[in-house]
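I have placed the structure first, in the form of structure tokens, so that the comments after it can refer back to it.
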């Protein structure tokens, strides 16, 4: 079992995050956020490694464990309400043709199309509508989406900005993980389903049809925050603490030590044995 524990800042307060319990299984995927890499592991051997683009410092990717439930080919993109309220609204205020140019539509609560000109794009209210981008080469999710149910509504996906994978600094998303060569990863995920060879995946994408392929057997995935580790050859690897979580951990540890130190000398607890 993989156990990762760290503190986090939420609404201005430091709260402990419980350990992530992760059953490795025969096949699984690990995304190490500070390293900006994803690894596909099979029988305790890393068989695939991919560059990924993860969350910006102001929109960090979460640590989590989940199960991959499906591979979506030619996905549509339902724009998160936070992006619709800020970025999409700002574009529409400047350019009323933005949605049509980006192949996007506005839907009501029942998924019925509505006129974009009837929407309040002032950005002062929480959107009571949904913005969805059609599938295609222009789609922000690219040609593949890897679905994984989780409390953060994040997932792994392709991108139409593949040039970003050549950058050493790959912290540029809104929290999801964009994967380089994601079709290769999709083929590995679906390898137990003979119908979905890499050639079949490429052919289905070329058809332009939206299709969700359910996983016959779910594959575990863990997004972790690891800034230092030892490689198989015993070389110690270090990565930048991009989200300042190591610093938070050190501060929390110091505060905890100070608390127990003060508690041990307090008159009300002097007769008690205080342990950490």
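Residue numbers (the working numbering): 406 to 681. Every residue, glycine too, gets a C-beta built ideally from N, C-alpha and C.
A residue is called buried when at least 16 other Cβ atoms come within 10 angstroms of its Cβ; residue 614 does not meet this threshold and is exposed.
Residue 562 carries a strand assignment under DSSP once its states are collapsed to helix, strand and coil. When the alpha-carbon of residue 572 is set against those of 448, 435, 456 and 451, the nearest one is in 456. The alpha-carbon separation between residue 574 and residue 443 amounts to approximately 15 angstroms. Put simply, of 454, 559 and 516 the residue whose alpha carbon is nearest the alpha carbon of residue 546 is 559. Look at the beta carbons and you see the region 601 to 608 not touching the region 486 to 501: under three pairs across the two are nearer than 8 angstroms.
Taking C-beta atoms as the reference points, residue 585 and residue 461 fail to come closer than 8 angstroms. Spanning the alpha carbons of residue 511 and residue 540 requires a straight line of approximately 15 angstroms. Beyond the five residues adjoining it in sequence on each side, residue 513 comes within less than 7 angstroms, by CB distance, of 519 and 534 in the same chain, given in chain order. The three-state reading of DSSP puts residue 532 in coil, since its state is none of H, G, I, E or B. Across the set 627, 650, 619 and 562, the C-alpha of 619 shows the shortest separation from the C-alpha of residue 600.
Residue range 494 to 499 is occupied by the alpha helix (DSSP H) that includes residue 499. Under the three-state reduction of DSSP, residue 595 is assigned to coil, being neither helix nor strand.
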